[in-house]
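For reference, the structure is listed below as structure tokens.
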Amino acid sequence: MLGFMPTPISQLRGGVAYPRTRVEFDAFFPDDPACLDYLQKLRWPQGFVCPECGSTGSPWQMARGLLLCSDCRKQTSVIAGTLFHRTRTPMRQWLMAAWEITCQKYGASALGLQRVLGLGSYKTAWAWLHKFRRAMVLPGRDPLCGIVEVDETYVGAEEADVVGRRTLTKAMVVVAVEVNDGRIGRVRPWSVPDLKGKTLTGFVADVVAPGTTVRTDGLRAYGGLAKKGFVHDVTVIGQSSSPAHVEMPAVHRVVPLVKRWLLGTLQGGVSREHLPYYLDEYTFRFNRRTSQVIVLPPVGASGPDCTDADIQALPGHRARAPAAAAKSQPLTPQHPVVG
Ligand SMILES: [Zn+2]
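Residue numbers (the working numbering): 3 to 341.
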């Protein structure tokens with residue numbers, strides 16, 4: 003998520019454009035000025051351009067990432083409009099958090115982040131993680147294309163004592179996986195409130211390019227895909243001589259990965275309300291699995307800060323009637339297109 007940087011991620015060289023290891027991180031970012039210098043280069047890769055007067059003269063460096071235009075004397079902040087905007091936290095700590103979240107193979111948990119950064123409380127760590135997750139929600143991503151496999155699943159912790167009503171505590175997730183030349187491309191896991199036709203075909207229409215071949219099982223809710231302009235390739239699993247994982251191998255490989263990640267990395271502590279953010283993080287990480295790039299939220303994508311309600315909804319901080327709270331807050335489908 004190099005919001006400032008027009009260079010495609012695939013063209014960035016690890017160890018040169020961004021640190022790959024903790025040792026490299028320390029070399030890249032020994033102190034805050036080094037961090038701000040890095041951010042400045044990302045923001046203005048061709049050199050500083052004053053947003054006020056367009057001057058390309060070298061600006062004067064001031065404290066905390068402020069640049070003073072040598073022509074019009076207008077001050078410009080390197081971090082304005084990013085999620086670091088107006089932060090009092092040292093930039094090095096922010097970048098370390100970004101690095102932790104994006105470069106760990108299995109993602110970062112709030113607990114892990116708290117430990118690594120030496121943050122005072124779990125709540126702070128969670129709030130940081132949440133800020134990054136929100137920033138990962140970027141509008142305007144390219145829709146999936148090629149052949150796209152779509153399937154749906156339940157995620158969430160089992161509640162052993164709620165026999166027969168387990169799905170109440172679980173959330174429904176529909177997953178679309180792009181297949182190009184037999185290889186898994188990008189993914190879009192999405193939390194949905196139900197498995198009705200309008201919901202599922204609406205999801206496909208939101209994330210898949212029109213005209214694409216969409217493979218699903220025989221669930222009738224997908225029946226409207228052809229009308230929406232997709233080539234609908236239906237596999238009625240029960241009637242097929244091949245098991246599901248043979249007919250739709252990509253999505254049946256990705257679904258368990260999503261579930262394992264949610265249950266493992268996050269210790270199952272996923273609230274229904276925040277599931278879309280976790281799925282965003284997964285999408286972000288999966289779709290960039292071939293490159294490790296430090297996260298830098300784009301200008302204007304900082305999103306709102308965490309509210310008290312967010313803090314109260316922390317995994318592990320749901321002191322008051324969690325089951326009732328979960329039921330009273332139906333999963334609202336969030337439709338930011340990410341990845
Ligand atoms: Zn100027």
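By construction, the Cβ of each residue, glycine as well, lies at the ideal position given by its N, Cα and C atoms.
request  = Run the proximity test for Asp28: is its beta-carbon closer than 8 angstroms to any non-hydrogen atom belonging to ligand 1?
outcome  = Between ligand 1 and the CB of Asp28, the shortest heavy atom gap is not smaller than 8 angstroms.
inquiry  = Can you tell me whether Thr23 is buried or exposed? The criterion is at least 16 other CB atoms within 10 Å of its CB, across all chains shown.
reply    = It counts as exposed.
query = Straight-line CA distance for Val18 to Phe86?
reply = If you take the alpha carbons of Val18 and Phe86, they lie about 23 angstroms apart.
ask   = In angstroms, rounded to a whole number, what distance separates the CA positions of Gly225 and Arg274?
value = So the alpha carbons of these two residues sit roughly 27 angstroms apart.
query = Thinking C-beta only, is Ile186 closer than 9 angstroms to Val256?
reply = Yes. Within cutoff.
message = Quick check: what's the CA-CA separation for Met64 versus Thr78?
response = Between Met64 and Thr78, the alpha-carbon positions lie close to 10 angstroms from each other.
First and last residue of the uninterrupted alpha helix (DSSP H) at Ala207 = Segment Gly199 to Val209, the alpha helix (DSSP H) holding Ala207.
message = Assuming Glu151 and Val194 are in contact, meaning their beta carbons sit under 8 angstroms apart, how far apart are those beta carbons, in whole angstroms?
response = With a Cβ gap of about 17 angstroms, Glu151 and Val194 do not count as contacting.
key: DSSP-derived helix/strand/coil call for Gln63   = Strand.
message = Assuming the contact rule is C-beta atoms closer than 8 angstroms, Pro212 and Gly199 should be a hit. Round their C-beta distance to whole Å, please.
response = About 18 angstroms; that fails the 8 angstroms criterion.
inquiry  = Does the distance between the C-beta of Arg45 and the nearest non-hydrogen atom of ligand 1 fall short of 8 angstroms?
reply    = Incorrect: Arg45 has no Cβ contact closer than 8 angstroms to ligand 1.
inquiry  = I believe Glu154 touches Leu119 by the beta-carbon criterion, under 8 angstroms. Please report the beta-carbon distance rounded to the nearest angstrom.
reply    = Taking a contact as a CB-CB distance under 8 angstroms, the pair Glu154 and Leu119 does not count as one, their CB atoms being some 37 angstroms apart.
message = Which of the three DSSP states is assigned to Leu333 in this structure?
response = Since pLDDT at Leu333 reaches only 32, below the 50 mark, its modelled position is unreliable, and the value read off the structure follows with that caveat. Leu333 sits in coil when the DSSP states are folded into three classes, being neither helix nor strand.
message = By alpha-carbon positions, which one of Arg45, Leu68, Val260 and Asp34 ends up nearest to Ala178?
response = The residue with the shortest Cα to Cα distance from Ala178 is Val260.
task = Starting from Leu277, trace the alpha helix (DSSP H) both ways and give me its first and last residue.
result = Per DSSP, Leu277 belongs to the alpha helix (DSSP H) from Leu277 to Asn289.
Whether Thr104 touches Arg262 by CB criterion (9 angstroms) = No, Cβ-Cβ distance for Thr104 and Arg262 is not below 9 angstroms.
query = Does DSSP classify Gly122 as helix, strand or coil?
reply = Three-state result, Gly122: coil.
ask   = Closest by CA to Tyr279, which one among Arg135, Arg15 and Pro92?
value = Comparing alpha-carbon positions, the option among Arg135, Arg15 and Pro92 lying closest to Tyr279 turns out to be Arg135.
inquiry  = So, for Ala223: in the same chain, excluding its five sequence neighbours on each side, which residues have a beta-carbon less than 8 angstroms away from its beta-carbon?
reply    = Correct list, in chain order: Leu197, Lys198, Gly199, Thr201, Leu202 and Thr203.
inquiry  = Need the endpoints of the alpha helix (DSSP H) that Glu26 sits in, please.
reply    = Membership of Glu26 in the alpha helix (DSSP H) is indicated by the continuous run Arg24 to Phe30.
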